[in-house]
Structure formats: structure tokens, C-alpha cells
Amino acid sequence: MRTSMKRAAVIAGATLALASGTALSATSAQASGYDIYSADAAPGGYLWPQGSAYFFSYGDKFELSDDVADGDGVALRIDFYSSTGYYRYDNRYFGGGAGETATYNYDFAEKRKIRFSVCAQNGSGGTRYNCGSWTYATA
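Take the sequence shown: its letter number 89 is residue 80 in the numbering used here, and every next letter is one higher.
Pasting the structure below:
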């Protein structure tokens, strides 16, 4: 059910993007005092992202989804911010198949600034491509 709801949200967003003449972009929504951030692997105005990720600041949880049956998986890149800039924190690859979602739990310091991006990737050791823009979040 979660996958169909997520897919419906992507379709609704794509329809809205077509109607307004703009591309899909990363968003942040607030619910019950915590933030939910999203990103997708849809650079350059592609309307159907190959993958998507959600970061839930309450619980420091990521959900990474493969959204297209193209034989490739998706990758999640996570950086954290320190006083001298952003540094790579983690890389995740998920090849579970189209319509599937993986959950990754972290324990970031409270108010830690992070950024994340989603890419398509051809295999666990393969090349990343169609990387989306960075999405900035606070844990």
C-alpha cells in the first residue's frame, strides 16, 4: 500500500509539473513537529524518476525506493556538515527491484545538518548515473 501511495504521489507531482511547465524538485514537509525530506533521481527535468528517497528527521530514517523496472538499482549518497564543509557519511545501494523500498536507520546528532542525493546505479559496484540534486535536511 505504501508503494502505491508513493507512486500516486509521484504521478500527481508529474501531472502538476506538466501543467505548470516545471520539473519535479526536492521538497520538505512538516508533520507533528518533525520534517520529512524527499529527493529523486530525475535530473534535467525528467518526469519519471528512477528512484526516490525520503528522510524522516524524527527517528533519522531513510527510505530508498527503486521506481522503474529498468534492470538497474538505486543509490543513496549521504553527507554530513561540519564547520569546514560537507563530508561523505554513507553510500547505500539498493537493487531490490522496481516498486521495492529499503529502510536505513541512523542516529545523527540532534540538529545535525545533512544532505542526500539519489542516483540510478547499474549493480552494486556499477556506475551511478542520473543523480538528482542534493536535498538539504536537519536531523
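The beta-carbon is built from N, C-alpha and C at its ideal position, and this holds for glycine as well.
### Task
Kindly provide the ranges of any beta strand (DSSP E) runs that are 3 or more residues long and lie completely inside the segment 39 to 120, ordered along the chain.
Correct list: 42 to 47, 52 to 57, 64 to 73, 76 to 85, 92 to 96, 104 to 112.
### Task
Taking Ser73 as the reference, give the member of Arg106, Gln112, Tyr84, Ala30 with the closest Cα.
Measuring from the Cα of Ser73, the nearest candidate turns out to be Arg106.
### Message
For Tyr127 and Lys104, what's the separation of their Cα atoms in angstroms?
### Response
Straight-line spacing of the CA atoms in Tyr127 and Lys104 works out to 7 Å.
### Task
Check Ser29 in the structure and name its three-state DSSP category.
Per DSSP, reduced to three states, the secondary structure at Ser29 is strand.
### Query
Is the beta carbon of Tyr31 less than 8 Å from the beta carbon of Gly42?
The question names Tyr, yet the displayed sequence has Asp at residue 31. Closer than 8 Å, so yes.
#### Entry: Buried or exposed (CB count within 10 angstroms, at least 16 for buried), Tyr49
It is exposed - the Cβ of Tyr49 has fewer than 16 other Cβ atoms within 10 Å.
### Task
Tell me whether Ala130 sits in a helix, a strand or coil according to DSSP, three-state version.
Reduced to three states, the DSSP call for Ala130 is coil.
#### Entry: Distance, Asp81 Cα to Gln21 Cα
Bear in mind that a pLDDT of 42 at Gln21, under 50, signals an unreliable position, so the model cannot answer this.
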